[in-house]
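Numbering (the numbering used here), first residue to last: 53 to 167. Beta carbons: idealized from backbone N, C-alpha and C, even for Gly. Notes to accompany the following structure.
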């Protein structure tokens with residue numbers, strides 16, 4: 053019997069125990085797939101995406117030999133959320149004004165003016 057695909061979702065990160073095959077997710081017990089910012093809340097450049105992907109790889113590598121269960125996936129997602137917030141606070145990514153809903157989920161944008 054094939055195990056069920058696991059998924060963890062945070063505000064800006066979705067992680068699946070799967071691989072992408074013909075644009076579909078297919079369960080794979082030893083692979084993780086990252087869906088970064090599925091709602092396009094941020095404006096990303098290649099360097100920022102690369103940083104998040106590197107952090108994702110580091111977090112996965114730290115867990116070699118552990119079960120890829122809900123708990124471990126949530127921990128990875130939470131740590132990636134922290135990395136995204138760091139990028140935003142340091143001006144390496146910004147909120148996307150064309151996002152479907154502007155909720156400033158990582159805090160209000162910083163401006164030079166006092167509001």
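Under a three-way DSSP split, which group does residue i fall into?
i	result
residue 145	coil
residue 137	helix
residue 75	coil
residue 112	helix
residue 125	helix
Please work out which residues of its chain come closer than 7 Å, Cβ to Cβ, to residue i, disregarding the five sequence neighbours upstream and downstream, and give them in chain order.
i	result
residue 125	58, 60, 67
residue 72	85
residue 118	124
Whole angstroms is fine: what's the gap from residue i's alpha carbon to residue j's?
i	j	result
residue 150	residue 69	31 Å
residue 93	residue 101	14 Å
residue 134	residue 88	13 Å
residue 153	residue 143	20 Å
residue 123	residue 113	16 Å
Going along the chain, which residues of its own chain have a beta-carbon closer than 6 Å to the beta-carbon of residue i, five neighbours each way excluded?
i	result
residue 63	157
If contacts are defined as beta-carbon pairs under 8 Å, then residue i and residue j qualify, I think. What distance do you get, rounded to the angstrom?
i	j	result
residue 96	residue 145	6 Å
residue 131	residue 111	6 Å
Report the option in the options whose CA atom is closest to the CA atom of residue i.
i	options	result
residue 82	159, 56, 139	56
residue 136	107, 121, 113	107
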